[in-house]
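Residue numbers for the sequence shown follow the UniProt record's numbering, so the first one is 1 and each next one is one higher. Where is the CB? At the ideal position from N, CA and C, for every residue including glycine. All values reported here derive from a predicted model rather than from experimental measurement. Heads up, the thing below is written out as structure tokens.
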Amino acid sequence: MKGPLFYSKILLFGEYGIIKDSKGLSIPYNFYNGALKVDQNPNVSAKASNESLKRFADYLSCIDAQLVTFDIEALKKHVAKGMYFDSSIPQGYGVGSSGALVAAIYDKYAHDKITVLENLTREKLLKLKSIFSAMESFFHGKSSGLDPLNSYLSIPILINSKDNIEATGIPSQKTEGKNAVFLLDSGIIGETAPMVSIFMEKMKQEGFRKMIKHQFVKHTDACVDDFLKGDIKSLFSNTKQLSKVVLNHFKPMIPKQFHELWKKGIETNEYYLKLCGSGGGGYILGFTENIDIAKKSLKDYKLEVVYNF
Numbered sequence: 001m002k003g004p005l006f007y008s009k010i011l012l013f014g015e016y017g018i019i020k021d022s023k024g025l026s027i028p029y030n031f032y033n034g035a036l037k038v039d040q041n042p043n044v045s046a047k048a049s050n051e052s053l054k055r056f057a058d059y060l061s062c063i064d065a066q067l068v069t070f071d072i073e074a075l076k077k078h079v080a081k082g083m084y085f086d087s088s089i090p091q092g093y094g095v096g097s098s099g100a101l102v103a104a105i106y107d108k109y110a111h112d113k114i115t116v117l118e119n120l121t122r123e124k125l126l127k128l129k130s131i132f133s134a135m136e137s138f139f140h141g142k143s144s145g146l147d148p149l150n151s152y153l154s155i156p157i158l159i160n161s162k163d164n165i166e167a168t169g170i171p172s173q174k175t176e177g178k179n180a181v182f183l184l185d186s187g188i189i190g191e192t193a194p195m196v197s198i199f200m201e202k203m204k205q206e207g208f209r210k211m212i213k214h215q216f217v218k219h220t221d222a223c224v225d226d227f228l229k230g231d232i233k234s235l236f237s238n239t240k241q242l243s244k245v246v247l248n249h250f251k252p253m254i255p256k257q258f259h260e261l262w263k264k265g266i267e268t269n270e271y272y273l274k275l276c277g278s279g280g281g282g283y284i285l286g287f288t289e290n291i292d293i294a295k296k297s298l299k300d301y302k303l304e305v306v307y308n309f
């Protein structure tokens, strides 16, 4: 048995901000994917995934039936046969490993599921987001539900605010384009929950709240608008500001050995770095107006280009 593939995602803009109602833009990233699978001879990671699915199945049987119900019997039967999530999506890297798993389980076992082929009204998107939020909370303690939504639909999602999301189109890729979005591998596994609790702790300070509202959310919203409109000049100007704000106010979320590299990008304008997901490790997201220069400047690091434009 092998189920359909579900892809990883990248939140281009909106990390932390969407908790406080900033805009956000999330795109599918097809480089990584995962699928439900049963093998005759499972390896160690397949067995670990299967154990986690056992606990997840118990958790799903307790989810509010008004929101969603599952064929728990079939799920538990398949899990007992050794079903696991076979995934190339790195965990703790900010590209949505648990999101893809949640999407796969919903796709296979949910009753009355909303499908990609329907007319995806705002109501349907919000309902899916609520369902996925409840499901993914098993992994993160608190989830927005956006990662699974992106993985399930495999289309870019524009977050206007908590209660206003829509499927969107993004400027088409230009393979020859010098402007690029890239991922930088920090080589460290990040954990979402501790990073989110540092953020929530900081939000208790009035100064930090003001900074989020007047700087972080302002630049995030502008970046989303610029990117969707294809206003490149303004996009890079706002991304630079965003990179500065993150370096100044989100230091615990940036691995120490990247503080100088972050600063260097802002000073030289060769690239601008920002958090990918909750930070603390995993991938760091980069934006550059000249990918060749950025690659030269970052030659000691593992860099993957996500998008040329």
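With a threshold of 16 other CB atoms inside 10 Å of the CB of residue i, please say whether the residue is buried or exposed.
| i | result |
| --- | --- |
| Thr175 | exposed |
| Pro4 | exposed |
| Gln205 | exposed |
| Asp58 | exposed |
| Gln241 | buried |
| Ser161 | exposed |
| Gly17 | buried |
| Pro194 | exposed |
| Cys62 | exposed |
| Ala180 | buried |
| Ala222 | buried |
| Leu261 | buried |
| Tyr76 | One point to set straight first is that residue 76 is Lys, not Tyr, in the sequence displayed. Buried, by the Cβ-count rule. |
| Val224 | buried |
| Met135 | buried |
| Asn238 | buried |
| Gly24 | buried |
| Ser172 | exposed |
| Thr268 | exposed |
| Leu12 | buried |
| Val196 | buried |
| Ser186 | buried |
Roughly how many angstroms lie between the CA atoms of residue i and residue j, to the nearest whole one?
| i | j | result |
| --- | --- | --- |
| Leu146 | Thr288 | 26 Å |
| Asn282 | Gln257 | Sequence inspection shows Gly at residue 282; the Asn mentioned does not correspond to that position. In a straight line, the C-alpha of Gly282 is about 13 Å away from that of Gln257. |
| Asp300 | Gly277 | 23 Å |
| Ser151 | Lys296 | 32 Å |
| Phe216 | Pro148 | 25 Å |
| Ser154 | Ala100 | 10 Å |
| Ser137 | Phe208 | 26 Å |
| Leu183 | Phe227 | 17 Å |
| Glu51 | Ser8 | 22 Å |
| Leu60 | Ser88 | 24 Å |
| Lys213 | Ile27 | 24 Å |
| Phe6 | Ser97 | 10 Å |
| Leu247 | Ala294 | 19 Å |
| Lys47 | His78 | 13 Å |
| Tyr29 | Ile232 | 21 Å |
| Asn41 | Thr220 | 47 Å |
| Asp71 | Lys229 | 43 Å |
| Lys218 | Tyr32 | 31 Å |
| Leu120 | Gly169 | 14 Å |
| Ala65 | Phe56 | 16 Å |
| Phe236 | Ile19 | 24 Å |
| Lys124 | Gly92 | 29 Å |
Where do the ends of the alpha helix (DSSP H) carrying residue i lie?
| i | result |
| --- | --- |
| Ser49 | 44-60 |
| Ile232 | 232-249 |
| Phe216 | From DSSP, Phe216 is part of no alpha helix (DSSP H); its letter is neither H nor E. |
Check for me: the beta strand (DSSP E) holding residue i runs from which residue to which?
| i | result |
| --- | --- |
| Asn164 | 164-167 |
| Gly24 | 24-37 |
| Asp86 | 84-87 |
| Asn308 | 303-308 |
| Val181 | 180-185 |
| Leu273 | 272-275 |
So, for residue i: in the same chain, excluding its five sequence neighbours on each side, which residues have a beta-carbon less than 8 Å away from its beta-carbon?
| i | result |
| --- | --- |
| Met211 | Val245, His249 |
| Ala74 | Tyr109 |
| Ile188 | Pro255, Gly280, Gly281, Gly282 |
| Arg122 | Asn164, Ile165, Glu166 |
| Gly14 | Ser22, Lys23, Gly24, Leu25, Ser26, Ile159, Thr220, Val224 |
| Lys263 | Leu247 |
Our contact map puts residue i next to residue j with C-beta atoms below 8 Å; I'd like the distance itself, whole angstroms only.
| i | j | result |
| --- | --- | --- |
| Lys274 | Leu285 | 5 Å |
| Gly94 | Gly190 | 7 Å |
| Leu128 | Ile114 | 5 Å |
| Phe85 | Ala104 | 7 Å |
| His140 | Thr192 | 5 Å |
In its own chain, which residues sit with a C-beta less than 7 Å from the C-beta of residue i, not counting the 5 before and 5 after it?
| i | result |
| --- | --- |
| Thr69 | His111 |
| Pro252 | Ile198 |
| Lys202 | Phe208 |
| residue 310 | Here the chain has residues from 1 to 309 only, and residue 310 is not among them. |
| Leu67 | Ser130, Ile131, Ala134 |
| Leu36 | Gly3, Met83, Phe85, Ala104, Lys108 |
Residues in the same chain with beta-carbon distance under 6 Å from residue i, minus the five sequence neighbours each way, listed in chain order, please.
| i | result |
| --- | --- |
| Gly265 | Tyr271, Tyr272, Leu273 |
| Val38 | Met1, Lys81, Gly82, Met83 |
| Glu166 | Leu158 |
| Phe309 | Pro171, Lys174, Gly177, Asn179 |
Could you check whether the Cβ of residue i sits closer than 7 Å to any heavy atom belonging to the ligand NAD?
| i | result |
| --- | --- |
| Ile170 | No copy of the ligand NAD appears in this structure; indeed no ligand is present at all. |
Within 8 Å of any Cβ in chain D, is that where the Cβ of residue i sits?
| i | result |
| --- | --- |
| Lys127 | As a matter of chain content, chain D is missing from the structure shown, which is built from one protein chain. |
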